[in-house]
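K.L.:
Take this structure first; my questions come after.
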Amino acid sequence: MEDYAIEVENVSKWFKAHEVKRSGSFVTRLMRKTYLKRALSDVSFTVKAGEIVALLGRNGSGKSTLIKILSGILHADSGKVRALGFEPWTQRIQLAQQLGVVLGAHGQLFWNLPAVDAFEYMKGIYGIGQKEYDRRLKYFLKILDLEHVYNRQVRTMSLGEQMKCNFVASVLHNPKIVFLDEPTIGVDLPSKIALRKTVGELQARYKTTFILTTHIVEDIGIAQRVILLSRGKVVFDDTRPKLEAMFGDKRHVELHLTEPAKINFGAYGRVIGREGTMVRLEVSKGALKSKKFLSLLNRKDVLDYRVAEPGLNFILNKFYAKLDREKR
Amino acid sequence: MENRLVRDIRFYLLSQYYWWRGFLVYREQAAMWLIYSLINITYSYITVAVIYTVSSGIAGWSYYQMLFLVSTATIVMNALYYNVNIGWLMDLLRRGGMDPYLIRPYGRISVFLSSQEGIGSAGGIVGAFVVLLYAASVIGANPVGLLAYLVLLVAGAITLVLFTLMLVMLFYHLLRSAQFVQKLLNFVGQASQYPLAVYGFVGQLLFTLVLPVGFASYYPAKAFLSSISLAGFLEALLISFAISAISYLAFNRLQVYYLSGGG
Amino acid sequence: MIDRYAAVLIIGFKQQLAYKKDYFISLGFRIFASFIMIAVWTAVYLNSSVSSIGGLTLPQMYIYFFLINAIAIASWNETVAENIQDDIQNGTITTALVKPVAYTAQVFFSSLGNNSFAGLAVTVPFLILISFIGHLVLTLQSVAFFLMEIVLSFIVSTFIFFLIGTLAIYLTNIWGIIAVTESLYMLLGGGVVPLNLLPPWAGGIFAALPMQLSLYTPAATLLGIVSTGEIVQSLLVGVAWAVPLFILSVLVWSRVRGKITSVGG
């Protein structure tokens, strides 16, 4: 009981949506149709203290809604939620003191003022001691390479710098749980790497629990566990290697040919890409060593070949495709 | 509990400090708001000046007493708009912009008040205050009246702020539009510049019990002009406290409907 | 080319339909607001024990304030400024800029659609209703003048609110300024005090401003309390404002446009 940072049990959330009619008489065109849309349905999972969990899903899968329920911004319509033992929406204030939330789209910063003003504001809000504040700020400025930036007006910063400052403002008070909602959207590569590194260090040092939602597959690399949401339901909840293993019996073979081929590749595997003299095949692990396939590799017009495990991006796409098929 | 109130007030003041810094850094904006304040003030006084020029005015109210009432109403409405910028607040609610404020460890009232600013209205408060002093110097003041005035003014203003926050939340839920609340308060503000007696019995009920603006401008002004009894004073204070409490509870209940840009 | 502007105009009309609730809210509060002025003026007439102030009897004063609020709905449109603010701050202006119709024209014609809807749906029925009560002077000439005043007022006010909307590029939010401009329109146009009650020096200043065309002049035209000479004079004042405001709008817009594109939307 104690070592769970987050417990979610059968949580559901509905939203009202409207539709304006485009047909019918003048009067019916003025009417709106209201219907209920289910954003989350019967979601259950737990997160241990100090875990880094990636929350994945396509647009509209309910991951932002879930984060907002966990941080007390939204009320759940049914089910039980505990974050650090608090019910987020009724015990919002107690929870907020130990919570850091980085919302991708909305900054914690003052647009017209330097970022340091926002940091000092956070110091006041969360009651951080001067010594602790100085120490932590110094640490973050260094690790995120913000030493020359934090004194500038926020509106003059690049998006990456804003994002990093936003991150600092959200974790200055050393929260026990941090939610990162699309933390690296629109951020340049060095900033992304610095952000990921910081997350890793905070987890190792302070046993901070991180839950991140993202579209960007590289971000998932720092997570030990992946929860996949689709249409408001948890469809996968396990370690990252397990997710990779789900389609791990497949290998990608890249063939480089002397000339645009006349060979019938379909007989050897599924063609997943073709660019000039290059052809990419998806083949099951077992078939790779079959005589038939080896004969293909030995052909004279095959100059070179490369075998690789499919990337996470590919796996996710497959997973989604599978879900869509099942839905039908 | 007391601790929490102190904390929330500190948070409110801290946020105001940073809003003011941001405001003053943006010089074009500050200049614009100065013009805004000047126009805003002129508007309130012209009607009264014209009425008292072309006629003998409203029964029982001298020109300077009317100036005092109009100034009080202007101060209260600007104090309200200083704290609750209705359009901005509705925008935050509609687009999920309230999220980063809601994750701060403070009560919802102070979170809402700190999430936006109406600093431009400060000019209106200062300007109306100058006219108020002028009118008061002509009328003459007594300490009891002044004290009663200040108590009712502050209580009334707080009531109006809580009531408006509740309205914004209610109309966010019902219509998703700031327009109703904005227009309603403009209407209420306009009405509060004249003696309640003008509106007849129904109007008096409307502008006290339904739209609690009377407690913030008319009753304080009456108290200053020494035409309110002790019973009347306590009654006004009590009802305004009751409306505050109801507004506060309703505001908290309505939080369930915040959708954070979803839906 | 005409088709394109017509399309923008129709969208303005349709948006009004979609936001019908905003519409009835505006209308409702305008009627309420006239009750405040009616209550105040009733108190004033009772206290003064005179039958007419500034040539208006108490019933005429009632009609005046009802007329003012019916006219205000068609004669200006503050949402022009609100929409520009939205466009600039949400970045939707870039989508508007790539359309094959000049942004200024989009604004103007959608506002025209907006106000024609308002005029037909609200002002006309309202005027018909009031005409049953009486006190109106409805001749061919007065109605023609009335229409000219409303149209001219619409043109001038659209330029004014357009210019205010462009302030959004410099300010984080212009809600307050829009509200104050609306108040100014109410005040200078005669929505609070009939303009003929003003002392001559103030009346002279107000007469030189275009706002009276939006409220006082049309209402006074229908009440028959202004001479033809005064009507023509205020129409000329309106035209004299429309031309420089148009030029100013074009100049300001070219600067603002440059600023939008250089910031990168």
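These protein sequence lines are chains A, B and C, in that order. Going by the working numbering, the first sequence opens with residue 77, and the numbers climb by one from there. Going by the working numbering, the second sequence opens with residue 2, and the numbers climb by one from there. Going by the working numbering, the third sequence opens with residue 4, and the numbers climb by one from there. Beta carbons are placed, not taken as given, at the ideal position from N, Cα and C, and that holds for glycine. The model shown is predicted, which means the values in this text are computed figures rather than measured ones.
Who are the near neighbours of A/I339 in its chain, counting only those whose CB is closer than 7 Å to its CB and skipping five residues on each side?
P.N.:
If you number the first sequence from 1, residue 339 of chain A lands on position 263. Once the five neighbours on either side are set aside, A/I339 has no close Cβ partner at all.
K.L.:
With B/G61 as the anchor, note down where its beta strand (DSSP E) starts and where it stops.
P.N.:
Walking along the second sequence from the start, residue 61 of chain B turns up at place 60. No beta strand (DSSP E) contains B/G61, which DSSP labels as neither H nor E.
K.L.:
Going along chain A, which residues have a C-beta under 9 Å from B/Y107?
P.N.:
Mapped onto the second sequence, residue 107 of chain B falls at position 106. Under the 9 Å cutoff, chain A gives I169, A172 and I201.
K.L.:
Does DSSP put A/R168 in a helix, in a strand, or in coil?
P.N.:
As a first step, residue 168 of chain A must be located in the first sequence, where it is residue number 92. Reduced to three states, the DSSP call for A/R168 is helix.
K.L.:
Does any residue of chain B have a CB that is nearer than 8 Å to the CB of C/I56?
P.N.:
The sequence position of residue 56 of chain C within the third sequence is 53, counting from 1. True, the Cβ-Cβ gap to chain B drops below 8 Å.
K.L.:
Report the rounded CA-to-CA distance for C/V266 versus C/I39, giving the unit in angstroms.
P.N.:
To locate residue 266 of chain C, count along the third sequence from 1; it is residue 263. To locate residue 39 of chain C, count along the third sequence from 1; it is residue 36. Low confidence applies here, because C/V266 scores a pLDDT of 48, under 50, leaving its location unreliable; read the following figure in that light. Approximately 46 Å between the Cα atoms of the pair.
K.L.:
Along chain B, which residues have their Cβ under 7 Å away from the Cβ of A/I82?
P.N.:
For the purposes of this step, residue 82 of chain A is taken as residue 6 along the first sequence, with counting starting at 1. Those within 7 Å of A/I82 in chain B number zero; the least Cβ separation is about 15 Å.
K.L.:
What do you get for B/W62, buried or exposed, if any count of 16 or more other CB atoms within 10 angstroms of its CB means buried?
P.N.:
Position 61 of the second sequence, counting from 1, holds the residue named residue 62 of chain B. Buried: at least 16 other Cβ atoms inside 10 Å.
K.L.:
Determine which residues share a DSSP beta bridge with A/S154 and list them.
P.N.:
Along the first sequence, read from residue 1 onward, the residue named residue 154 of chain A stands at position 78. Note: A/S154 sits in a beta bridge opposite A/S88.
K.L.:
Helix, strand or coil for A/E351, going by three-state DSSP, please let me know.
P.N.:
In the first sequence, the residue the question calls residue 351 of chain A occupies position 275. The answer is strand: DSSP assigns A/E351 an E or B state.
K.L.:
By how many angstroms is the C-alpha of B/S261 removed from the C-alpha of A/D153?
P.N.:
In the first sequence, counting from the first residue as 1, residue 153 of chain A sits at position 77. In the second sequence, counting from the first residue as 1, residue 261 of chain B sits at position 260. Their backbone Cα atoms lie some 15 Å apart in a straight line.
K.L.:
Count the other CB atoms within 10 Å of the CB of A/R211; is the residue buried (16 or more) or exposed (fewer)?
P.N.:
Translated into positions along the first sequence, residue 211 of chain A becomes position 135. Exposed, by the Cβ-count rule.
K.L.:
So with CB distances below 9 Å, who are the chain B contacts of C/S51?
P.N.:
As a first step, residue 51 of chain C must be located in the third sequence, where it is residue number 48. Here the neighbours are V55, S56, S57 and G58.
K.L.:
Does DSSP classify C/T45 as helix, strand or coil?
P.N.:
Along the third sequence, read from residue 1 onward, the residue named residue 45 of chain C stands at position 42. Correct three-state label for C/T45: helix.
K.L.:
Please compile the residues from chain C whose C-beta is within a distance smaller than 7 Å of the C-beta of B/I244.
P.N.:
Walking along the second sequence from the start, residue 244 of chain B turns up at place 243. What B/I244 touches in chain C: nothing, since even the nearest Cβ is about 20 Å away.
K.L.:
Determine, using beta carbons only, whether A/Q173 and B/P101 come nearer to each other than 8 Å.
P.N.:
Locating residue 173 of chain A in the first sequence gives position 97, where the first residue counts as 1. Locating residue 101 of chain B in the second sequence gives position 100, where the first residue counts as 1. No, these two residues do not count as a Cβ contact at 8 Å.
K.L.:
Taking only the alpha-carbon atoms, compute the straight-line gap between B/G264 and A/S137 and give it to the nearest angstrom.
P.N.:
In the second sequence, residue 264 of chain B corresponds to position 263, counting from 1. In the first sequence, residue 137 of chain A corresponds to position 61, counting from 1. Because B/G264 sits at a pLDDT of 46, beneath the cut-off of 50, its placement in the model cannot be relied upon, and the following sentence gives the value as read from the coordinates. Taking the straight line from one Cα to the other gives about 13 Å.
K.L.:
Closer than 8 Å is the cut-off here; do at least three beta carbon pairs connect the stretch 150 to 164 of chain A with the stretch 327 to 336 of chain A?
P.N.:
Too few Cβ pairs lie closer than 8 Å, so no.
K.L.:
Taking a cut of 7 Å between CB atoms, which residues from the stretch 183 to 198 of chain C lie near chain B?
P.N.:
Of all residues in the stretch 183 to 198 of chain C, V183, S186, L187, L190, V195 and V196 have a Cβ within less than 7 Å of some Cβ in chain B.
K.L.:
Between which two residues does the alpha helix (DSSP H) carrying A/D221 extend?
P.N.:
Numbered from its first residue, the first sequence carries residue 221 of chain A at position 145. It is not in any alpha helix (DSSP H) - A/D221 carries neither H nor E in the DSSP assignment.
K.L.:
For B/T48, go through chain C and note every residue whose CB falls closer than 9 Å to its CB, in chain order.
P.N.:
Indexing the second sequence from 1 puts residue 48 of chain B at position 47. Simply M40, V43, L190, V195 and V196.
K.L.:
According to DSSP, what are the bridge partners of A/H291?
P.N.:
What you label residue 291 of chain A is simply residue 215 of the first sequence in a count that begins at 1. Answer by DSSP bridge pairing: none, since A/H291 is not bridged.
K.L.:
Using a Cβ cut-off of 8 Å (strictly closer), state whether C/G137 contacts chain B.
P.N.:
As a working mapping, residue 137 of chain C is identified with position 134 in the third sequence. Judged by the 8 Å Cβ criterion, C/G137 is not in contact with chain B.
K.L.:
On the DSSP bridge list, what partners appear for A/V302?
P.N.:
For the purposes of this step, residue 302 of chain A is identified with residue 226 of the first sequence, where counting begins at 1. In DSSP, A/V302 forms a bridge with A/A130 and A/D314.
K.L.:
Please return the same chain residues whose Cβ sits closer than 7 Å to the Cβ of C/F135, not counting the five positions on each side in sequence.
P.N.:
Here residue 135 of chain C is taken as the residue at index 132 of the third sequence, counted from 1. Nothing meets the Cβ criterion.
K.L.:
Flag B/I159 as yes if its beta-carbon sits less than 8 Å from any beta-carbon of chain D, otherwise no.
P.N.:
Annotation note: the requested chain D is absent from the structure, which comprises protein chains A, B and C.
K.L.:
Please name the residue, chosen from B/Y259, B/S241 and B/L235, that lies closest to B/R177 on a Cα-to-Cα basis.
P.N.:
Translated into positions along the second sequence, residue 177 of chain B becomes position 176. When each option's Cα is compared against that of B/R177, the closest is B/Y259.
K.L.:
Under the assumption that C/L155 contacts C/A75 (Cβ atoms under 8 Å), give the Cβ distance between them as a whole number of angstroms.
P.N.:
Stepping through the third sequence from its first residue, residue 155 of chain C is reached at position 152. Stepping through the third sequence from its first residue, residue 75 of chain C is reached at position 72. Not quite, the Cβ-Cβ distance comes to about 15 Å (not below 8 Å), so this is no contact.
K.L.:
Along the alpha helix (DSSP H) that carries A/F243, what are the first and last residues, could you check?
P.N.:
The count along the first sequence starts at 1 and reaches residue 243 of chain A at position 167. L235 to V247 is the span of the alpha helix (DSSP H), which, as asked, contains A/F243.
K.L.:
State buried or exposed for B/N84, treating a residue as buried only when at least 16 other CB atoms are found within 10 Å of its CB.
P.N.:
For the purposes of this step, residue 84 of chain B is taken as residue 83 along the second sequence, with counting starting at 1. That one is buried.
K.L.:
Hey, which unbroken runs of the alpha helix (DSSP H) at 4 residues or more fall wholly within the stretch 118 to 142 of chain C?
P.N.:
The qualifying runs are 127 to 136.
K.L.:
Anything in chain A within Cβ reach of B/G23, meaning under 9 Å, just list it in chain order.
P.N.:
The residue labelled residue 23 of chain B in the question sits at position 22 within the second sequence. Result: F186, W187, N188, L189 and D193.
K.L.:
Taking DSSP as the reference, what is the three-state secondary structure of A/Q279?
P.N.:
The residue labelled residue 279 of chain A in the question sits at position 203 within the first sequence. Three-state DSSP puts A/Q279 in a helix.
K.L.:
Once you ignore the five residues that flank A/F312 on each side, which residues in its own chain have a CB closer than 6 Å to its CB?
P.N.:
In the first sequence, residue 312 of chain A corresponds to position 236, counting from 1. Hits under 6 Å: L304.
K.L.:
When the cut-off is 8 Å and only beta carbons count, does A/Y111 lie next to chain B?
P.N.:
Here residue 111 of chain A corresponds to residue number 35 of the first sequence, with the count starting at 1. No, because no Cβ of chain B sits closer than 8 Å to the Cβ of A/Y111.
K.L.:
Which one of B/R254, B/G119, B/N187 and B/S45 has the shortest CA to CA distance from B/A129?
P.N.:
As a working note, residue 129 of chain B is residue 128 in the second sequence. Per the Cα distances, B/S45.
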